[in-house]
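Chemist: Here it is, the structure, as structure tokens.
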Amino acid sequence: MISPINTVGIVGSGVIGASWSALFLAAGYDVINYDPDPDNASKTEAYIDQAWGSLTDLGLITEKASPNRIRYVDRVADAAEGAQFIQESVPERIEIKHDTYRLLEPALEEGAIVATSSSGLLIKDMQAAWQDPSRFILGHPFNPPHLIPLVELLGNDKTAPEVLDIAAKFYENCGKETIRVLKEVPAHVANRLQAALWREAISLVAEGVASVEDVDKAVTAGPGLRWSVMGPHMLFSLGSGGGGIGTFCERFGPSFKTWWQTMGSPELTPEVIAMLEQGIAEEEQGRDFKALSEERDRKLIAAQRAIKGQ
Ligand SMILES: NC(=O)c1ccc[n+]([C@@H]2O[C@H](COP(=O)([O-])OP(=O)(O)OC[C@H]3O[C@@H](n4cnc5c(N)ncnc54)[C@H](O)[C@@H]3O)[C@@H](O)[C@H]2O)c1
């Protein structure tokens, strides 16, 4: 039996692990953080410092939260000591994942759960390094995990039955929204959806149908706005005017079938990449990486607050 989660281990504290650290501290957990980078502590501190404002704006700082309840350790195994939940965010290379699990497993507290942030590796391949894979799962976030609510959860027939439920409760306690991936496919669910849309977005540019800026605007000023409040199935169900998704399929199914048959399958050739680069340069309108990132994060926070009615 797992004891209540009060301490979380972070293994790998780069782009994703540092953001997870900030989120778990905000939720009021003690955090033990490991990363082999000699400057890890100062980099992670700086990240948490900067993220704390956003977490405050999102209402995700709980009463007992403190950015100081984090301890930095020098060995993978030490990140497991006293931790009931471990979030692994080491580089996306199977041999690094395997080496990490071999160091981690003997040091785990009884019942501790280990979740990997992996975007694209198969869980059955990652399980190969475990003596007992029953408490090892996928807990896949979206960058940055402290700002984007979605976490995709996946186990398989080797996963202990209660583990996904405990993990879902844990993430939801941190303000996340979880989904269950019922069957393993490359890139899980949300990245496949993104990939499908991006494929057509590239094709529209490559075929000269619209500029990069206008394709982007077609998403943000159109369906993208609706997608932040309801998903495509529900929206199309509403789009039938009250008849439900069956009516929508009857009315518009034949059109979609024709459109699907004309969808592009672009290659990212040097010429296509150059078209995208030129289009992005125009869309940037002089804003640099920092300015655009800040604009994205500010709008993401404002949108989430508005949706929550804050
Ligand atoms: N970047 C994204 O948008 C994103 C989104 C969701 C999930 N992920 C997943 O998160 C994981 C980490 O990705 P990232 O973008 O944070 O990468 P990153 O390169 O920013 O961070 C990886 C960190 O792991 C550290 N590291 C290297 N070797 C290690 C080892 N042996 N043990 C422990 N730490 C080690 C590095 O020093 C670095 O700080 C990957 O599995 C990736 O697929 C990334």
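For reference, each letter of the sequence shown is one residue, going 1295 to 1604 in the working numbering. Glycine included, each C-beta is placed from N, C-alpha and C at the ideal position.
Examine ligand 1 and report whether any of its heavy atoms sits within less than 7 Å of the Cβ of F1436.
Modeler: Checking the Cβ of F1436 against ligand 1 gives yes.
Chemist: On the criterion of 16 or more Cβ atoms from any shown chain inside 10 Å, does H1434 qualify as buried, or is it exposed?
Modeler: Its Cβ being crowded by 16 or more others within 10 Å, H1434 is buried.
Chemist: Report the rounded CA-to-CA distance for N1327 versus G1311, giving the unit in angstroms.
Modeler: So the alpha carbons of these two residues sit roughly 9 Å apart.
Chemist: Please state whether the Cβ-Cβ distance between D1351 and I1595 is less than 8 Å.
Modeler: Yes.
Chemist: Do T1472 and ligand 1 come close, with the Cβ less than 7 Å from some heavy atom?
Modeler: No, since every heavy atom of ligand 1 falls outside the 7 Å radius drawn around the Cβ of T1472.
Chemist: Excluding the five sequence neighbours on either side, which residues of its own chain have a C-beta within less than 8 Å of the C-beta of G1449, listed in chain order?
Modeler: Within the same chain, G1449 has close Cβ partners I1417, I1431, L1432, V1457, L1458.
Chemist: Across the stretch 1299-1314 and the stretch 1378-1385, are there enough close Cβ pairs to call them in contact, namely three or more that are closer than 8 Å?
Modeler: A contact exists between the stretch 1299-1314 and the stretch 1378-1385.
Chemist: Pairing CB atoms from the stretch 1540-1560 with CB atoms from the stretch 1491-1498, are three or more of them under 8 Å?
Modeler: With the cut-off at 8 Å, the stretch 1540-1560 and the stretch 1491-1498 touch.
Chemist: Are the CB atoms of L1398 and V1367 within a distance shorter than 8 Å?
Modeler: No, Cβ-Cβ distance for V1367 and L1398 is not below 8 Å.
Chemist: The beta strand (DSSP E) with N1327 in it runs from where to where?
Modeler: Here the beta strand (DSSP E) through N1327 covers 1324-1328.
Chemist: Just the C-alpha distance for V1325 and W1553, rounded to the nearest angstrom, thanks.
Modeler: In a straight line, the C-alpha of V1325 is about 50 Å away from that of W1553.
Chemist: Taking L1519 as the reference, give the member of A1600, S1587, L1570, V1479 with the closest Cα.
Modeler: When each option's Cα is compared against that of L1519, the closest is A1600.
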